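Notes to accompany the following structure.
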Amino acid sequence: MPSNADQIPAGSFLFSWRSVRTKGDGVPRYFQEPRWKGLLLVAIVVGLFVVGLLLALRR
Numbered sequence: 272m273p274s275n276a277d278q279i280p281a282g283s284f285l286f287s288w289r290s291v292r293t294k295g296d297g298v299p300r301y302f303q304e305p306r307w308k309g310l311l312l313v314a315i316v317v318g319l320f321v322v323g324l325l326l327a328l329r330r
């Protein structure tokens with residue numbers, strides 16, 4: 272019986288991503304278009320990169 276402790280992070284991430292993607296209430300219509308998802312993804316990646324860079328430089 273394999274323990275699914277190592278499967279919990281990926282599963283919860285997929286679940287949260289799926290719930291974020293399928294949740295349509297409260298989200299403007301233009302945020303559901305693919306180009307806005309791409310821009311949002313790029314913005315998140317750039318933001319994480321900048322934060323990581325600042326933390327690395329702060330040490």
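To convert, note that position 46 of the sequence shown is 317 in the numbering used here; the numbers rise steadily by one, no gaps.
Beta carbons are placed, not taken as given, at the ideal position from N, Cα and C, and that holds for glycine.
Predicted model, so just to flag it, every value in this text is computed and none were measured.
Other residues of its chain near residue i: CB distance less than 8 Å, five sequence neighbours each side excluded
| i | result |
| --- | --- |
| methionine 272 | Note that methionine 272 scores a pLDDT of 47, beneath 50, so its modelled location is shaky; the value from the coordinates is reported in the next line. No residues qualify anywhere along the chain. |
Limits of the unbroken alpha helix (DSSP H) element including residue i
| i | result |
| --- | --- |
| arginine 306 | 305 to 329 |
Contacts around residue i, its chain only, beta-carbon distance under 7 Å, and the 5 residues preceding and following it disregarded
| i | result |
| --- | --- |
| arginine 329 | none |
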